[in-house]
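K.L.:
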Amino acid sequence: MSVLVLEPLEADVLEWLAERHAVQVAPEPADAPLTLREHVAQAQAIFLPASIALDADTVRRAPRLRAVGRIGAGAENIDLEACRAANVEVVRAPTAAASAEAEFVIGALLALLRRVPVQGADGNWVGRELGCATIGLVGLTPSARQLATLLPVFGARVIGYDPSLHHADPLWAQWGIEPYGLRELMQAADGVSVQLAYFPRYRGLIGERVLNFCKPAQVLVSTSHSALFDEQALADALHGGRLLAAWLDLMEPGLMEAGRPLQGAPGLQVTPRVAATTRESRMRAAWSVARRISEILSTPAAQAEFRPTHPGVLPDLLAEPRWR
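Heads up: the sequence shown runs through residues 998 to 1321, numbered per my numbering.
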């Protein structure tokens, strides 16, 4: 077996792969973990869904494995360091969902700015227009580049922050984004879009020392992992009115359970990771991942170019963060 497919793939993509490599489809492997390990041990490449973990032990037991493909967003279920050590390339399509995520963020900002009213000078409660807003982008991912193109069409001013990118980097001007420090961005933005790729060192990055600087009546949309936020600080900002509303699209399990700070927080809306998932984005991702996996398997291991994969980060943004 060359390619083990553990998640549904579009028929055209599967047929294309099967014409080039030996493919085995196992749509329900979670019910038989021992059988799954046996399949993985024989595979050269795997299409891995988010529901199945690929840990270091499984990687060690798969000496033929050369590539792991992820169609959907995120790679939290994959031990990236173990894959790197074993020269197993984690194949993703970081730009495939950029348009879908950007459209989601704009729709969410439009909804929050219009649906969550503020009090006007005449005392009436009214919505606001995106075209008159300053929007802060936290994280320069591919979807941020799309947002930097689309938001000015509405008339919005775009500012941004990324902990891995110096404010003098030419990429800011190239993308048409004004660079800001994180606190300064929170003070200036009417709406904030968070799409920063998650690393453990960023856990709790957006906490009290950041949320205390929210501009009055600010709204926030995040397609990033909720671990970027300090949950108590976010709950306090919503309860205290410093943050008017927040929309989170990727929540840690149990974060909304009774007894947790965000349970019942006013102005909080949650969706189950739908921002990146559209018919079109999945098709783009499937083709991109399939082609790269085929390229890897068609090249002798000694001659193959290994591309270490970081989850959701542009290649030129992989430096350690330079805090400002």
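Where a beta carbon is used, it is the ideal one built from N, C-alpha and C, also for glycine.
(1) Considering only residues of the segment 1183-1260, which uninterrupted alpha helix (DSSP H) runs meet the minimum length of 4 residues and lie entirely inside it, listed in chain order?
(2) Assign Q1260 to buried or exposed, taking buried as 16 or more other Cβ atoms, counted over all protein chains shown, within 10 Å of its Cβ.
(3) With distance defined between alpha-carbon atoms, name the residue in A1079, A1072 and A1105 nearest to A1090.
(4) Do you know offhand how far V1020's Cα is from L1106's?
(5) Taking its Cβ as the centre, do 16 or more other Cβ atoms sit within 10 Å of V1207, making it buried, or is it exposed?
(6) What separation, rounded to the nearest whole angstrom, lies between the Cα atoms of R1111 and R1063?
(7) Counting pairs of Cβ atoms below 8 Å between the segment 1215-1223 and the segment 1159-1169, do you hit three or more?
(8) In terms of residues, what are the limits of the alpha helix (DSSP H) holding E1012?
(9) In its own chain, which residues sit with a C-beta less than 6 Å from the C-beta of G1066, not counting the 5 before and 5 after it?
(10) Based on DSSP bridge pairs, tell me the residues matched to G1066.
(11) Report yes if the C-beta distance between L1001 and A1015 is below 8 Å; otherwise report no.
(12) Just the C-alpha distance for R1034 and P1060, rounded to the nearest angstrom, thanks.
(13) On the DSSP bridge assignment, give the partners of I1132 in chain order.
(14) Measuring straight from C-alpha to C-alpha, what distance separates Q1192 and S1140?
P.N.:
Considering the structure as presented:
(1) 1205-1208 and 1228-1236
(2) On the sequence shown, position 263 is the one that residue 1260 refers to. Classification of Q1260: exposed, given that the 10 Å Cβ count is below 16.
(3) Reading the sequence shown from its first residue, position 93 is the one you call residue 1090. That would be A1072, whose Cα lies nearest to the Cα of A1090.
(4) Position 23 of the sequence shown holds residue 1020. Position 109 of the sequence shown holds residue 1106. Approximately 43 Å between the Cα atoms of the pair.
(5) Residue mapping note: residue 1207 aligns to position 210 of the sequence shown, counting from 1. V1207 comes out buried.
(6) Along the sequence shown, one-based indexing puts residue 1111 at 114. Along the sequence shown, one-based indexing puts residue 1063 at 66. So the two alpha carbons sit approximately 49 Å from each other.
(7) no
(8) Residue mapping note: residue 1012 aligns to position 15 of the sequence shown, counting from 1. First-last of the alpha helix (DSSP H) with E1012: A1008 to A1015.
(9) The count along the sequence shown starts at 1 and reaches residue 1066 at position 69. Once the five neighbours on either side are set aside, the close Cβ partners of G1066 are F1044, V1088, V1286 and I1290.
(10) In the sequence shown, the residue the question calls residue 1066 occupies position 69. Paired residues: F1044 and V1088.
(11) Indexing the sequence shown from 1 puts residue 1001 at position 4. Indexing the sequence shown from 1 puts residue 1015 at position 18. No, these two residues do not count as a Cβ contact at 8 Å.
(12) Residue 1034 sits at position 37 when you count from the first residue of the sequence shown. Residue 1060 sits at position 63 when you count from the first residue of the sequence shown. Approximately 12 Å, taken between the alpha carbons.
(13) On the sequence shown, residue 1132 is found 135 positions in, with the first residue counted as 1. Bridge partners of I1132: V1155 and G1188.
(14) On the sequence shown, position 195 is the one that residue 1192 refers to. On the sequence shown, position 143 is the one that residue 1140 refers to. Rounded to whole angstroms, Q1192 to S1140 spans 8 Å at the Cα level.
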